[in-house]
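Residue numbers (the numbering used here), protein chains in the order written: chain A, 1 to 329; chain B, 1 to 286.
Note that CB positions come from ideal geometry on N, CA and C, so glycine has one too.
As the structure is a computational prediction, the values presented were derived from the model and not from experiment.
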């Protein structure tokens, strides 16, 4: 198998127990391709097992069954080699408070195997890159929360890893800092060619930076979708609320190339294909003698998928038409 | 080109070897330790006794300076096993205080700042992290223990001549092995207290208390049960007993060197287990 075809993450019936409780129940999947500079998102509500999966991939937790491979290396046996090719940004505060940012990053780079001189250069470089250049000689404990998040990202990429694992990277950030963080993540994959594994419960973050998403629920994968294809399909979603007899609306939607699902009480979720504008819905409603009380138009595909995966929707509108959603369990 | 102008590029150059990486943590820790004035001051104070001992060695090797002294006293002041046991006993005390001062900053800051996941996500195992931290404390205490001991031995050899080395080379070995045994115990105690107590002052106090409390408990057992094996619970006594055998000086009353070594091995095992439980990248709450 050449380097190009090695999956970033490969799980085979992975089971992980914390104490006596099984958190991950036999997960099987292949995520991303090594060296392609793509991002994979791990989505799921709190307690779904996202962090447990990341900690297992890093070799911090031992699987109770099955296998987990990261960059083609087994998480039980080859972690020494794998870790020199991985950068990890944990969710919680993690740093050495009494160190300046430069010293901290230099130490981390040296621990990853960079010679001292190169480590110092990279520490400066990456601190400027994440926007901490002016405060790089300040002790980390004096940093604000947003700055600490950036410092954590900096330590994860200072040694130029092939894969960067980010656990809730935008947690607690204000909108400007969040935008900056996401821009940096996009830059990491597009400019630097790094593979990125992002764990988050924020759909918008995942949708913005990832090319592939996996949705976890109760320790199992419930959906695995290709967001790149979703974006290419350029569909848009409409949330519609009407009064009147809407029983024929579902049959009428294909007239404009759309598909939808009724949620009852006159509420609808409709998928519009590329090229169809929202005006078509207004015209259709008029033809059906329906009074439109509310119409929300957006291009947010992942939320639909997520809601369906969580069981809040019985059917994802338009699923059969264009979406490539595979049920893993 | 200035760093802020050139932007970030992934590092693609050669990587350092395993041992260079292992020494990264000790290098940074030593730098931080010697930035503390109190540590620096105590280290300097610890050199006073070796300097006095060096003066003593000089005197014993210059008979003309001792002409006016009582012959009995002149025969007493000799550089032998007893001399080195006194030197080691005093320096061991300094080492205890230095370990209590420097030890708490070994692991406690990493635990309180949740830095362990960052270390362990790099090519650094738990054991190599623990070994690196132990190297910090042993390296730092070596400067005031076996290194001055060997220098004193070298001074004596230089002044007395080769015959003295031939007759007493085991003393040098005893100084190194004896001190390393003591530093291992000190280092593990400092690491264990640093791993369990996040406040530095309290962690320092705990590592001092470890020796004083065990010494008190062993003395109590001896008194209450009218025995002398209670000493075996006192690691300082046990180490001193091993030193006596290594330096061929009269041992104190109590269990032998073998039993003392066994008790020290059990202490080491216990401390390693205590540290192992705490040094984990993630804590699983049952």
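Between the C-alpha atoms of residue i and residue j, what's the straight-line distance to the nearest angstrom?
i                      : j                      : result
residue 118 of chain A : residue 18 of chain B  : 17 Å
residue 240 of chain A : residue 279 of chain A : 13 Å
residue 171 of chain B : residue 160 of chain B : 15 Å
residue 176 of chain B : residue 183 of chain B : 10 Å
residue 189 of chain B : residue 49 of chain A  : 37 Å
residue 122 of chain A : residue 109 of chain A : 8 Å
residue 225 of chain B : residue 102 of chain B : 37 Å
residue 123 of chain B : residue 73 of chain A  : 14 Å
residue 33 of chain A  : residue 65 of chain A  : 24 Å
residue 131 of chain B : residue 23 of chain B  : 10 Å
residue 133 of chain B : residue 118 of chain B : 16 Å
residue 243 of chain B : residue 215 of chain B : 17 Å
residue 86 of chain B  : residue 60 of chain B  : 16 Å
residue 189 of chain A : residue 82 of chain A  : 19 Å
residue 244 of chain A : residue 203 of chain A : 34 Å
residue 330 of chain A : residue 150 of chain B : Only positions 1 to 329 of chain A appear in the structure, and residue 330 of chain A is not among them; the question remains open.
residue 10 of chain A  : residue 241 of chain B : 57 Å
residue 116 of chain B : residue 225 of chain A : 34 Å
residue 90 of chain A  : residue 38 of chain A  : 20 Å
Quick check: does the Cβ of residue i come within less than 7 Å of any heavy atom belonging to the ligand FAD?
i                      : result
residue 262 of chain B : In terms of ligand content, the structure shown is empty, and the ligand FAD therefore cannot be addressed.
Please determine, among the options, the residue with the shortest C-alpha to C-alpha distance to residue i.
i                      : options                       : result
residue 16 of chain B  : A/203, A/214, A/8 and A/112   : A/112
residue 344 of chain A : A/57, A/124 and A/147         : Only positions 1 to 329 of chain A appear in this structure, which leaves residue 344 of chain A out of reach.
residue 97 of chain B  : B/264, B/31 and B/44          : B/44
residue 50 of chain B  : B/89, B/64 and B/37           : B/89
residue 261 of chain B : B/233, B/81, B/206 and B/21   : B/233
residue 24 of chain A  : A/13, A/30, A/33 and A/114    : A/13
residue 164 of chain B : B/139, B/26 and B/57          : B/57
residue 120 of chain A : B/69, B/3, B/73 and B/255     : B/3
residue 95 of chain B  : B/276, B/263, B/179 and B/279 : B/179
residue 246 of chain A : A/215, A/268, A/156 and A/254 : A/268
residue 287 of chain A : A/67, A/134, A/277 and A/253  : A/253
residue 290 of chain B : B/200, B/245, B/207 and B/135 : Past the boundaries of the shown model lies residue 290 of chain B; chain B is included only from 1 to 286, so the question cannot be answered.
residue 250 of chain A : A/262, A/244 and A/11         : A/262
residue 144 of chain B : B/92, B/168, B/231 and B/185  : B/92
Which class does residue i belong to by DSSP, given the choice of helix, strand or coil?
i                      : result
residue 244 of chain A : coil
residue 39 of chain A  : strand
residue 10 of chain B  : coil
residue 129 of chain B : helix
residue 107 of chain B : coil
residue 244 of chain B : helix
residue 328 of chain A : Only weak support is given to the placement of residue 328 of chain A: the predicted model assigns it a pLDDT of 34, under 50, and the question is left unresolved by the model.
residue 26 of chain B  : helix
residue 225 of chain A : strand
residue 222 of chain B : helix
residue 205 of chain A : helix
residue 50 of chain B  : helix
residue 314 of chain A : The pLDDT assigned to residue 314 of chain A is 49, lower than 50, so where the model puts this residue is not dependable; a value taken from the coordinates is nonetheless given after this. Here residue 314 of chain A sits in coil by DSSP.
residue 220 of chain A : strand
residue 198 of chain B : coil
residue 60 of chain A  : coil
residue 165 of chain B : helix
Can you pull the chain A neighbours of residue i, defined as C-beta to C-beta under 9 Å?
i                      : result
residue 195 of chain B : The contacting residues do not exist; residue 195 of chain B stays about 16 Å from chain A at best.
residue 201 of chain B : What residue 201 of chain B touches in chain A: nothing, since even the nearest Cβ is about 15 Å away.
residue 279 of chain B : Result: empty, since nearest Cβ-Cβ is about 12 Å, beyond 9 Å.
residue 226 of chain B : Here the premise fails: no neighbours, minimum Cβ distance about 48 Å.
So residue i contacts chain B; which residues on that side make the cut at Cβ distance below 7 Å?
i                      : result
residue 122 of chain A : 11
residue 159 of chain A : 11
residue 118 of chain A : 11 and 13
Residues of chain B with CB closer than 8 Å to the CB of residue i, please, in chain order.
i                      : result
residue 30 of chain A  : Neighbours of residue 30 of chain A on chain B: none; closest Cβ ~22 Å, over 8 Å.
residue 125 of chain A : 3, 6, 7, 8 and 9
residue 208 of chain A : Result: empty, since nearest Cβ-Cβ is about 21 Å, beyond 8 Å.
residue 55 of chain A  : 281 and 282
Given that residue i touches chain A, what residues does it touch there, using C-beta distances under 7 Å?
i                      : result
residue 7 of chain B   : 129
residue 126 of chain B : Simply none; closest approach about 10 Å.
residue 24 of chain B  : 107, 110 and 111
Should residue i be flagged as near chain C, meaning a C-beta pair shorter than 8 Å?
i                      : result
residue 112 of chain A : Given the protein chain composition of this structure (A and B), no chain C is represented.
Given that residue i touches chain A, what residues does it touch there, using C-beta distances under 8 Å?
i                      : result
residue 16 of chain B  : 110, 113, 114 and 115
residue 136 of chain B : By Cβ distance, chain A contributes nothing, its closest Cβ being about 13 Å from residue 136 of chain B, past 8 Å.
Please compile the residues from chain B whose C-beta is within a distance smaller than 9 Å of the C-beta of residue i.
i                      : result
residue 58 of chain A  : 117, 120, 121 and 281
residue 173 of chain A : Within 9 Å Cβ-Cβ: nothing; residue 173 of chain A doesn't reach chain B, min ~19 Å.
request  = Quick one: which residues of the region 137-152 of chain A get their C-beta closer than 7 Å to a C-beta of chain B? List them in chain order.
outcome  = none
ask   = Listed in chain order, which residues of the region 85-110 of chain A have Cβ atoms closer than 7 Å to some Cβ of chain B?
value = Listed by position, the residues of the region 85-110 of chain A near chain B (Cβ gap below 7 Å) are 86, 88, 90, 92, 93, 94, 95, 96, 97, 98, 107, 108 and 110.
task = Pull out every residue of the region 100-118 of chain B whose Cβ sits closer than 9 Å to any Cβ of chain A, in chain order.
result = 105, 109, 110, 112, 113, 114, 115, 116, 117 and 118
query = Between the region 67-83 of chain A and chain B, which residues of the former have a C-beta closer than 7 Å to a C-beta of the latter?
reply = 80 and 83
ask   = Given a limit of 8 Å on CB to CB distance, which residues of the region 26-49 of chain B reach chain A?
value = 28 and 32
query = Which of the residues in the region 277-301 of chain A, read from start to end, lie with their CB under 9 Å from any CB of chain B?
reply = Those residues of the region 277-301 of chain A that come within reach of chain B (Cβ to Cβ, closer than 9 Å) do not exist; the list is empty.
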